[in-house]
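Take a look at the structure below.
Chains as they are written, first to last, in the numbering used here: chain Y, 3 to 282; chain G, 16 to 441.
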């Protein structure tokens with residue numbers, strides 16, 4: 003510290019700041035800690051865990067989660083979730099990147115119309131479409147199919163093209179112009195120039211497209227009536243108070259990959275949430 | 016001579032191209048025309064008639080007649096309109112193409128071979144090729160359902176009237192029911208009132224909670240920003256359904272909070288019970304804040320990092336205090352840059368299905384028609400259409416939700432500076 007005189011007001015300010023910060027961290031961390039601790043509890047029911055933290059710890063819940071699958075087939079839920087999330091992510095990413103690149107790079111007649119329609123479409127409560135999708139799927143006998151989930155996730159993905167478009171907007175047009183003068187077609191430009199430049203964005207897109215089905219509840223709840231096809235979210239929601247530590251263990255297990263994923267993405271997170279904001 | 020080919024193509028798609036000697040292209044167009052006509056003759060026309068009648072024959076198990084399925088007929092009708100529209104677009108493209116060919120011929124040029132034309136097309140109209148699949152996907156899985164839902168809201172589908180019973184068009188009856196039928200009307204306006212209060216409070220709390228947290232972390236005296244930021248990001252990363260279910264367990268009868276209450280001699284509190292009243296609402300609000308503040312914190316952090324700090328130095332020299340700096344510099348800047356986000360967040364909260372579904376799903380209060388006192392319109396919509404098969408009324412409710420949210424957001428959005436300046440951004 004160069005300054006010798008730190009005023010009392012500054013110290014007080016710092017103290018208050020840290021007190022609030024610690025309080026905020028406790029508020030955010032405590033429920034998480036509670037669930038993690040409960041997942042290691044020896045007993046299964048929430049009634050047996052006296053207070054916030056279990057008196058004795060064990061791995062029993064995790065063992066049960068994967069072994070005792072007669073009633074609650076967690077490994078199966080996990081595989082279903084993984085299957086849906088991986089394929090939704092693959093198809094969704096291709097569609098989003100294509101859409102964002104095209105909307106960002108080309109000035110065609112219906113471009114603004116498309117963007118406005120996307121805006122209006124996004125204003126319909128997503129639930130409205132889902133009820134309809136449910137009715138349609140029931141009528142065409144398409145419920146209880148994992149791939150119908152994949153189709154819905156992937157087809158809905160291009161609606162959220164704004165983050166990616168923002169990224170493509172930052173790629174200067176002069177590179178493209180130069181390539182065109184050299185005789186490159188637009189398809190070649192996309193493959194040879196844009197894709198390599200957009201690698202971080204592609205990774206980001208793939209991961210977010212993965213995270214969405216991984217943690218979605220309502221769509222699988224609507225479309226998967228067959229217990230064999232349940233995803234983790236539907237399965238976990240079916241657990242009651244007596245299965246609390248199973249719920250906790252299942253939650254921890256499914257959250258860990260997604261939490262790691264988000265932390266590895268942390269430099270993109272800000273861009274992701276501010277997609278709708280004006281860039282100065 | 017020139018015009019004849021254009022006319023020919025306007026009548027019979029592809030014939031003009033054949034006359035120009037573009038065999039493959041012409042035959043492809045002709046093939047599409049043939050497919051389209053076959054479709055119309057075999058199913059298209061019936062489907063469109065079916066769309067208007069929604070079926071005339073009820074199934075009769077005694078006589079063994081297979082009746083009409085109204086909902087399938089409506090869906091096939093919508094599909095028929097989509098196909099006709101697609102054909103219309105193709106037809107227009109065909110006329111444009113034959114005209115271009117004519118112009119090229121008039122200038123004495125030779126028409127390109129099919130493959131060459133195809134390659135030029137995919138390059139020059141790259142956007143058509145690239146956007147084809149995404150747009151078709153969105154049309155089928157986003158637009159079609161919405162159209163379907165809008166149409167359902169004008170029918171009596173639901174309740175007892177589900178196939179094999181025949182569904183009919185009933186005009187604005189469902190909307191009338193929402194506005195006049197006492198039982199439904201009462202529920203609708205009570206839920207709408209709470210829904211608006213909820214959306215305003217939740218948006219306010221999330222927004223300023225996030226902004227406050229971001230400002231706190233931005234302070235010069237705070238060391239180890241990454242460390243402090245870890246905790247809200249952790250909360251952000253955990254899937255929403257887990258957070259919400261976790262909070263439900265936290266407040267449940269066997270949960271730790273009730274354990275400590277009973278330990279100290281109290282009686283267990285049904286925080287989320289049917290008669291919880293205001294308690295459940297407050298818990299919902301707090302839980303929602305816990306879930307959403309991290310998002311708005313990230314957002315505010317991004318915006319604050321773009322901010323010009325010179326203004327603060329100037330303001331300090333002029334003797335402006337902290338609070339004044341906040342209200343005069345920070346707030347206007349942040350609010351200006353985030354108007355669209357506030358709208359999105361408001362709509363998100365207005366349609367926040369998860370919070371009350373997970374915390375108290377499936378409860379029906381007295382005085383409400385298939386809803387509880389914490390339910391938002393979107394939860395009511397779920398109760399109506401998924402749990403109780405009131406499809407028609409549910410669809411009407413969802414359209415009302417759409418109208419409310421879009422009017423609010425459009426009126427705010429159009430007035431905001433963000434929109435006015437949008438044209439200056441690429």
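Even glycine gets a Cβ: it sits at the ideal position worked out from N, Cα and C.
Min CB distance residue i to chain Y below 9 Å
i	result
residue 155 of chain G	yes
residue 234 of chain G	yes
residue 193 of chain G	no
residue 414 of chain G	yes
residue 400 of chain G	yes
residue 406 of chain G	yes
residue 185 of chain G	no
residue 50 of chain G	no
residue 40 of chain G	no
residue 77 of chain G	no
residue 84 of chain G	yes
residue 285 of chain G	no
residue 134 of chain G	yes
residue 65 of chain G	no
residue 441 of chain G	Its pLDDT being 31, under 50, residue 441 of chain G is placed unreliably in this model, and the value from its coordinates should be taken loosely. It does: the Cβ of residue 441 of chain G has a partner Cβ on chain Y nearer than 9 Å.
Cross-chain neighbours of residue i in chain G, by beta carbon under 9 Å
i	result
residue 179 of chain Y	Simply none; closest approach about 15 Å.
residue 243 of chain Y	264, 267, 268, 269 and 270
residue 198 of chain Y	Simply none; closest approach about 18 Å.
Interface partners of residue i on chain Y, CB under 9 Å
i	result
residue 161 of chain G	123, 126, 130, 131 and 134
residue 237 of chain G	16, 19, 20 and 23
residue 396 of chain G	127, 129, 130 and 133
Reduced DSSP category for residue i - H, G, I as helix; E, B as strand; rest coil
i	result
residue 59 of chain G	helix
residue 333 of chain G	coil
residue 176 of chain Y	helix
residue 253 of chain G	coil
residue 171 of chain Y	helix
residue 240 of chain Y	coil
residue 142 of chain Y	coil
residue 389 of chain G	coil
residue 80 of chain G	strand
residue 417 of chain G	helix
residue 184 of chain Y	coil
residue 75 of chain G	strand
residue 442 of chain G	With chain G represented from 16 up to 441, any question about residue 442 of chain G goes unanswered, as that position is not in the structure.
residue 322 of chain G	coil
residue 208 of chain Y	helix
Residue-level contact to chain G via CB, residue i, 9 Å cutoff
i	result
residue 210 of chain Y	no
residue 204 of chain Y	no
residue 141 of chain Y	yes
residue 71 of chain Y	no
residue 60 of chain Y	no
residue 257 of chain Y	yes
residue 157 of chain Y	yes
residue 115 of chain Y	no
residue 2 of chain Y	Given a span of 3 to 282 for chain Y in the structure shown, any question on residue 2 of chain Y remains unanswerable.
residue 149 of chain Y	no
residue 169 of chain Y	no
Within chain Y, partners of residue i - CB distance below 8 Å
i	result
residue 409 of chain G	133
residue 255 of chain G	217 and 219
residue 368 of chain G	129 and 220
Proximal chain B residues relative to residue i, where beta-carbon distance stays under 7 Å
i	result
residue 187 of chain Y	The question asks about chain B, but that chain is absent: this structure's protein chains are Y and G.
Under 7 Å from the C-beta of residue i: neighbouring residues of chain Y
i	result
residue 54 of chain G	The contacting residues do not exist; residue 54 of chain G stays about 18 Å from chain Y at best.
residue 387 of chain G	Result: empty, since nearest Cβ-Cβ is about 17 Å, beyond 7 Å.
residue 148 of chain G	97
residue 228 of chain G	26
residue 142 of chain G	104, 108 and 110
Within chain G, partners of residue i - CB distance below 7 Å
i	result
residue 53 of chain Y	271, 274 and 275
Proximal residues of chain G, C-beta to C-beta of residue i below 8 Å
i	result
residue 261 of chain Y	249, 252 and 253
residue 34 of chain Y	249, 250 and 253
Continuous beta strand (DSSP E) assignments of at least 3 residues falling wholly in the region 339-381 of chain G:
none
Is it the case that the region 117-129 of chain G contacts the region 182-202 of chain G, given that we only count it when at least three CB pairs across the two stretches are under 8 Å?
No: fewer than three Cβ pairs fall under 8 Å.
Are the region 247-267 of chain G and the region 232-246 of chain Y touching by the rule of at least three beta carbon pairs closer than 8 Å?
yes
Which parts of the region 130-216 of chain G are runs of the alpha helix (DSSP H), unbroken and 4 residues or longer, counting only runs that do not cross its ends?
141-153, 159-167 and 188-195
Please specify which runs of the alpha helix (DSSP H), each continuous and at least 4 residues long, are wholly inside the region 222-295 of chain G, giving them in chain order.
240-252, 255-265 and 271-278
Okay, do the region 304-324 of chain G and the region 273-283 of chain G touch, 3+ Cβ pairs below 8 Å being the bar?
no
Taking contact to mean 3 or more Cβ pairs, one atom from each stretch, closer than 8 Å, check whether the region 164-172 of chain Y and the region 179-187 of chain G are in contact.
no
At 4 residues or longer, and completely inside the region 12-65 of chain Y: list those alpha helix (DSSP H) runs for me, N to C.
Counting only runs of 4 or more, we get nothing.
Should the region 184-202 of chain Y be called in touch with the region 128-143 of chain G, which here means at least 3 C-beta pairs below 8 Å?
The region 184-202 of chain Y, when compared against the region 128-143 of chain G, does touch it at the 8 Å Cβ threshold.
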